[in-house]
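With this note's numbering applied, the sequence shown covers 415 to 582. The C-beta atom is built at its ideal place from N, Cα and C for all residues, glycine as well. Small disclaimer: the values here were computed from a predicted structure and weren't measured. Reading through the C-alpha cells given below for one structure.
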Amino acid sequence: MYRAPIVLSLLFSIHSGSAQQYVFLRHTPEDGLAQSQVRCMTQDASGHLWFGTLGGASRFDGVVFDNYALQEGLPDAQVNALCAMPDGSLWMGTGGKLVHHEGGRIQVVELPSSTSNARVNSLVIGPQGALVAGTAGGGVLLQDGEAFVPLPGFPADTADQVRTLLAL
C-alpha cells in the first residue's frame with residue numbers, strides 16, 4: 415500500500431533533481447552598458463552580444479562593454495533596431511538613418527528623401543541577403559546595392575505603422 419507513493423516520490427525527486435538551472439545576469443550602466451533602457455539586441459557572427467539603447471549601442475564580449483554613441487559617429491543616440499549580418503558586419507536603425515558597423519568603422523547611410531524623418535524600428539535579412547528596414551513614417555525599405563528603396567506593393571495607408579518585421 416505504501417510502496418506506490420514511495421516509488422512515485424523517488425521518481426519525482428530524481429526528475430526534479432535533473433532539471434536545468436538557468437543563471438540570469440543583470441547588467442546596468444554601472445557595468446558599462448551604454449544606457450539602461452534596452453530597445454533591441456542581437457548576437458553577431460563572432461559571438462558578441464549587441465544591445466541597442468536610448469543612449470547608443472553596446473557590444474558585449476562576456477566581460478567588457480564597448481559603447482557606440484554620438485561621439486563615436488552615431489547620428490542619433492537612440493538605437494531602435496539591430497541586425498547582425500552573416501559577413502560579421504552589423505546594421506543599426508536609428509531615428510531617420512541607418513548605421514553600418516564593419517571592421518570597427520561606422521558608416522551612416524541616408525534613407526530616401528521621402529523617408530528622411532522616418533524612425534527605423536526593425537531590421538531583418540530579406541531576399542538574397544538584402545537588408546529590409548521597417549520604419550515609422552516611411553514604410554518598408556529594401557536594400558538595393560548601396561541605396562534603400564521603398565518596398566514595392568507595400569500598402570501606403572500602413573506606412574507609418576511598421577513596428578516589427580519577421581524574415582521567413
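For residue i, which option in the options has the closest C-alpha, if you only look at C-alpha atoms?
i	options	result
Gln542	Asp558, Asn535, Val437, Leu504	Asp558
Cys497	Arg440, Arg473, His441, Glu444	Arg473
Pro489	Phe479, Val534, Pro500, Thr508	Thr508
If you follow the beta strand (DSSP E) that residue i is in, where does it begin and where does it stop?
i	result
Gln457	452-457
Asp480	479-482
Gly543	Per DSSP, Gly543 belongs to no beta strand (DSSP E) and is neither H nor E.
Gly470	470-474
Arg519	519-524
Glu516	511-516
Straight-line CA distance for residue i to residue j?
i	j	result
Val523	Gln434	44 Å
Gly551	Gln575	7 Å
Leu565	Ala544	12 Å
Val534	Phe562	12 Å
Phe479	Gln449	11 Å
Gly487	Cys454	19 Å
Asn438	Arg519	For the record, residue 438 in the displayed sequence is Phe; it is not Asn. Approximately 32 Å between the Cα atoms of the pair.
I need the DSSP call for residue i, collapsed to helix, strand or coil.
i	result
Gln435	coil
Ser503	coil
Asp558	strand
Ser527	helix
What residues in its chain sit with their C-beta under 6 Å from that of residue i, if we drop five residues either side in the sequence?
i	result
Val538	Val546, Leu579, Ala581
Can you confirm whether residue i, when its beta carbon is compared against all beta carbons of chain B, has any partner nearer than 8 Å?
i	result
Glu516	Of the protein chains in this structure there is only one, and it is not chain B.
Short of 8 Å in beta carbon distance, which residues of its chain neighbour residue i, apart from the five on each side in sequence? Order them along the chain.
i	result
Leu504	Thr456, Asp458, Trp464, Leu496, Cys497, Ala498, His514, His515, Glu516
Excluding the five sequence neighbours on either side, which residues of its own chain have a C-beta within less than 7 Å of the C-beta of residue i, listed in chain order?
i	result
Gln451	Thr467, Leu468
Lys511	Pro489, Asp490, Val522, Val523, Glu524, Leu525
Ser460	Gly502
Cβ-heavy atom distance between residue i and the ligand SAM below 7 Å?
i	result
Leu537	Here there are no bound small molecules, and the ligand SAM is not part of this structure.
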